Amino acid sequence: MRAIVTIVVAIVSSLFLLFILGPIAGLLTKGGVRGVVGLANDSELRDALILTVVTATTATILGVVGATPLAYLLARRSFRGRAVVSALMDLPLVIPHPVAGIALLLVLGRASPVGGVLYNAGMRIAGSSTGIVCAMLFVSAPLYVSAAREAFARVDARFESVARTLGDDAWRAFRRVTLPLSAKGLTAAAVVMWARAVSEFGAIVILTYNPKTASVLSYDRFTSYGLSEALPVAAVLVLFALIPLAALRALRAGEPLGR
Amino acid sequence: MISLERVNARAGSFELKDISFDVPTGAYGVVIGPAGSGKTTLLETIAGVLRPISGTIHVAGANVTYAAPEARRLGIVYQHAYLFPHLTVRENVEYGAVSKDVAADISGRFEIRELEGRSVTSLSGGERQLVAMARALSRRPAAMLFDEPFSALDPRTRNTMRRVVRAIHREWGFTALQVTHDFTEAGLLGEVAIVLDRGRVVQQGEPEAVFRKPVTPYIADFLGAENVFAGTVRSIDGESADRITGREDEFGKRAVEFTTAGLEFYAVGDISDGPAHAVIRAEEVSLSTETSVSSVKNQFRGCIIEIVPAGALTRVTVDVNQTPIVAAITSRSARDLSIAVGDSVVVAFKATAIHFC
Numbered sequence: 001m002r003a004i005v006t007i008v009v010a011i012v013s014s015l016f017l018l019f020i021l022g023p024i025a026g027l028l029t030k031g032g033v034r035g036v037v038g039l040a041n042d043s044e045l046r047d048a049l050i051l052t053v054v055t056a057t058t059a060t061i062l063g064v065v066g067a068t069p070l071a072y073l074l075a076r077r078s079f080r081g082r083a084v085v086s087a088l089m090d091l092p093l094v095i096p097h098p099v100a101g102i103a104l105l106l107v108l109g110r111a112s113p114v115g116g117v118l119y120n121a122g123m124r125i126a127g128s129s130t131g132i133v134c135a136m137l138f139v140s141a142p143l144y145v146s147a148a149r150e151a152f153a154r155v156d157a158r159f160e161s162v163a164r165t166l167g168d169d170a171w172r173a174f175r176r177v178t179l180p181l182s183a184k185g186l187t188a189a190a191v192v193m194w195a196r197a198v199s200e201f202g203a204i205v206i207l208t209y210n211p212k213t214a215s216v217l218s219y220d221r222f223t224s225y226g227l228s229e230a231l232p233v234a235a236v237l238v239l240f241a242l243i244p245l246a247a248l249r250a251l252r253a254g255e256p257l258g259r
Numbered sequence: 260m261i262s263l264e265r266v267n268a269r270a271g272s273f274e275l276k277d278i279s280f281d282v283p284t285g286a287y288g289v290v291i292g293p294a295g296s297g298k299t300t301l302l303e304t305i306a307g308v309l310r311p312i313s314g315t316i317h318v319a320g321a322n323v324t325y326a327a328p329e330a331r332r333l334g335i336v337y338q339h340a341y342l343f344p345h346l347t348v349r350e351n352v353e354y355g356a357v358s359k360d361v362a363a364d365i366s367g368r369f370e371i372r373e374l375e376g377r378s379v380t381s382l383s384g385g386e387r388q389l390v391a392m393a394r395a396l397s398r399r400p401a402a403m404l405f406d407e408p409f410s411a412l413d414p415r416t417r418n419t420m421r422r423v424v425r426a427i428h429r430e431w432g433f434t435a436l437q438v439t440h441d442f443t444e445a446g447l448l449g450e451v452a453i454v455l456d457r458g459r460v461v462q463q464g465e466p467e468a469v470f471r472k473p474v475t476p477y478i479a480d481f482l483g484a485e486n487v488f489a490g491t492v493r494s495i496d497g498e499s500a501d502r503i504t505g506r507e508d509e510f511g512k513r514a515v516e517f518t519t520a521g522l523e524f525y526a527v528g529d530i531s532d533g534p535a536h537a538v539i540r541a542e543e544v545s546l547s548t549e550t551s552v553s554s555v556k557n558q559f560r561g562c563i564i565e566i567v568p569a570g571a572l573t574r575v576t577v578d579v580n581q582t583p584i585v586a587a588i589t590s591r592s593a594r595d596l597s598i599a600v601g602d603s604v605v606v607a608f609k610a611t612a613i614h615f616c
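Each protein sequence line maps, in turn, to chains A and B. Sequential numbering from 1 applies to the first sequence in our numbering. Sequential numbering from 260 applies to the second sequence in our numbering.
In structure tokens:
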């Protein structure tokens with residue numbers, strides 16, 4: 001009986017792995033080489049990749065700066081409405097991303113009060129790289145908040161208490177103790193956010209179709225020229241995804257299994 | 260000085276209720292209580308880590324009730340050390356030190372100089388505790404809070420460290436408050452004992468007085484009094500304790516009979532007739548092979564049911580009319596008496612050895 005269960009588990013697990021790896025392997029096999037070669041010749045693809053990296057990095061920096069205090073508050077402080085704030089932060093993760101793009105367009109589009117004021121002040125959001133940053137920030141920052149909150153929560157608050165009794169004020173204790181102890185977790189949170197920002201499509205395509213990020217370019221090539229033209233771009237995006245994956249592996253090296 | 264007046268505080272669902280006590284300047288206070296009695300919560304409230312709901316806290320003469328932890332001039336050593344894992348031993352000790360010289364001096368006293376370059380993650384439990392102690396003391400605080408700091412140490416290191424801490428305490432004159440569940444430790448270190456139970460102070464005073472005269476059977480049991488008997492007090496007409504003992508501190512007490520499970524004790528106490536608990540420390544009970552004519556009024560013959568040698572002392576349990584009475588005698592006396600389980604012996608204790616609660 002036990003042997004049968006083991007065999008069934010092995011077959012089901014193998015099928016699942018195949019389901020995940022099959023399409024990716026197929027994509028890399030068919031478009032990988034053309035994609036890498038295309039990086040040298042295809043300026044549109046190169047520009048799209050550079051734009052993706054720059055906007056994702058900008059969104060990540062904004063997310064880290066803006067959301068770290070919130071993540072710390074959610075991890076450490078007990079305040080009225082904490083559950084509501086947590087739920088609100090998770091909202092962008094569960095709504096369809098084109099819907100997120102529509103919501104952003106409502107607030108930041110030229111026809112909206114905020115977007116109108118910014119446009120008149122010379123700051124165009126929709127249809128610009130700023131719009132891409134906004135879309136990336138909106139959909140990926142909640143991932144950072146969640147992971148950063150987890151990273152802070154893993155540092156026992158008593159380390160801070162001890163630092164306080166040793167003469168540190170709250171900020172100094174945070175800087176000298178909590179931040180170094182949660183640095184690995186915060187970096188991993190930022191990498192996850194960056195990876196999510198790079199792969200974003202739904203919100204970006206609503207808010208800013210042009211200039212094109214890599215994900216929008218792959219969609220554009222698919223709808224305009226068909227599968228074969230979309231393949232190299234898609235394959236490069238998959239290879240690109242290996243960067244944050246490797247970074248996360250390196251950050252987690254040495255951690256016990258299951259963590 | 261550490262002084263608390265009617266302090267109430269909450270940590271999650273746990274509450275400290277109406278806590279009041281004083282540990283005078285330079286004194287060594289001990290907080291004793293079972294697990295979950297609120298000992299650590301109490302220390303964290305004094306340290307400013309937890310904010311009290313009401314009441315006042317004074318440390319070194321200043322009202323620090325709502326002051327930030329860093330403004331309280333006190334140090335805290337937790338049971339689990341909480342060394343900063345990203346820093347070396349030296350960096351930990353120097354973290355809040357008034358000077359590097361003081362940090363080096365303290366490190367020397369705790370014999371951790373040779374560990375200074377090491378990462379704290381490579382230290383043993385005992386070494387971690389020593390570093391935590393050195394780190395807190397390097398700040399030269401006016402008051403120190405210790406949360407079972409010796410619990411991770413082996414017995415030999417524990418004794419050495421108690422001596423070192425006591426020596427520094429005497430030399431610097433800081434006020435100390437230590438949490439422990441070990442009453443022997445409390446007796447060795449403390450000048451003021453505070454017994455905590457379920458978030459309330461249930462007794463306070465000199466450790467010896469708390470040890471000898473617990474105010475409730477629960478405290479007696481917790482403090483390791485082996486002989487706690489439930490029974491009934493009945494006064495003996497015409498007798499009063501001052502006539503029996505002639506001692507001034509016994510003046511006003513009455514001679515009473517205490518009946519428990521078929522035994523009658525002769526005792527003196529400031530207690531009215533009715534149900535009560537009698538506490539007799541095992542150290543106050545003596546053993547002999549024969550009944551003797553002496554001033555010791557309580558003598559009962561019984562049968563030895565257990566002998567437990569523990570170093571210099573041997574604890575002997577004697578069954579007297581199905582009531583076990585424990586005597587703690589020196590191991591040498593046990594050898595001289597040549598006692599064995601099943602032997603018939605006489606247990607004896609003075610009327611004044613009985614404490615009522």
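Note that the Cβ used here is the ideal one computed from N, Cα and C, for glycine as well. Since the structure is predicted, the reported quantities are computational estimates derived from the model, not experimental observations.
- Taking CB atoms only, F159 (chain A) has a neighbour in chain B less than 8 Å away.
- The C-beta of T187 (chain A) comes no closer than 8 Å to any C-beta of chain B.
- Boundaries cannot be given for M260 (chain B), as no alpha helix (DSSP H) includes it and DSSP labels it neither H nor E.
- Residue state for E407 (chain B) is assigned as coil, using DSSP reduced to three classes.
- Taking a Cβ-Cβ threshold of 8 Å, the residues of chain B close to D156 (chain A) are Y341, in chain order.
- Think of a sphere of 7 Å around the beta carbon of P180 (chain A): the chain B residues whose beta carbon falls inside it are H345, in chain order.
- In terms of Cβ geometry, Y219 (chain A) and V198 (chain A) do not form a close pair [threshold 8 Å].
- Closer than 8 Å at the C-beta level to chain A, one finds these residues of the segment 294-311 of chain B: E303, A306, G307 and V308.
- Within the DSSP secondary-structure output, C616 (chain B) pairs in no beta bridge.
- Taking 8 Å as the cut-off, the beta carbon of G490 (chain B) is found closer than this to the beta carbon of A537 (chain B).
- Contacts with chain A (Cβ-Cβ distance below 8 Å) from the segment 346-370 of chain B involve Y354 and G355, listed in chain order.
- By the rule that beta-carbons nearer than 8 Å mark a contact, R398 (chain B) touches chain A.
- Taking the Cα positions, S547 (chain B) is about 7 Å away from L596 (chain B).
- Within 9 Å of the CB of G115 (chain A), no CB atom of chain B is found; the nearest one sits about 44 Å away.
- For the set A:S215, A:G226, A:S228 and A:R252, the Cα lying nearest the Cα of A241 (chain A) is the one of A:S215.
- For S224 (chain A), the enclosing alpha helix (DSSP H) starts and ends at A214 to Y225.
- By DSSP's assignment, I566 (chain B) forms a beta bridge with B:V575.
- Counted as a single uninterrupted DSSP element, the beta strand (DSSP E) harbouring K276 (chain B) occupies residues F273 to V282.
- The Cβ of I335 (chain B) sits closer than 8 Å to at least one Cβ of chain A.
- In terms of CA proximity to E160 (chain A), A:R175 leads the group A:R149, A:A151, A:R175 and A:A148.
- As a beta-bridge residue in DSSP terms, I291 (chain B) pairs with B:T439 and B:V454.
- Proximity of A327 (chain B) to chain A, defined by a Cβ-Cβ separation below 8 Å, is satisfied.
- The DSSP-derived three-state label of E375 (chain B) is coil.
- Between the alpha carbons of A479 (chain B) and E467 (chain B) lies a distance of about 13 Å.
- When the five nearest sequence neighbours on each side are left out, the beta carbons in the same chain lying within less than 7 Å of the beta carbon of T60 (chain A) are those of A190, M193, W194 and A197, in order along the chain.
- The beta carbon of V162 (chain A) sits closer than 8 Å to some beta carbon of chain B.
- Rounded to whole angstroms, the Cβ separation of G35 (chain A) and P232 (chain A) is 4 Å, and the two are in contact under 8 Å.
- At the C-beta level, A173 (chain A) and A183 (chain A) stay beyond 8 Å of one another.
- In the DSSP assignment, I539 (chain B) falls within the beta strand (DSSP E) that extends over G533 to I539.
- Cα atoms of E386 (chain B) and R421 (chain B): separation of roughly 14 Å, rounded to the nearest angstrom.
- In this model, S554 (chain B) and A587 (chain B) are separated by some 20 Å (Cα to Cα).
- Under a 10 Å Cβ-count criterion, T573 (chain B) is classified as buried, with 16 or more other Cβ atoms of the shown protein chains found around its own Cβ.
- Out of B:G292, B:I563 and B:D277, the CA that lies nearest to the CA of T315 (chain B) is found in B:D277.
- Residues of chain B whose Cβ lies closer than 9 Å to the Cβ of L74 (chain A) do not exist, since the nearest Cβ in that chain is about 18 Å away.
- Between the C-alpha atoms of G320 (chain B) and E264 (chain B) there is a straight-line separation of about 13 Å.
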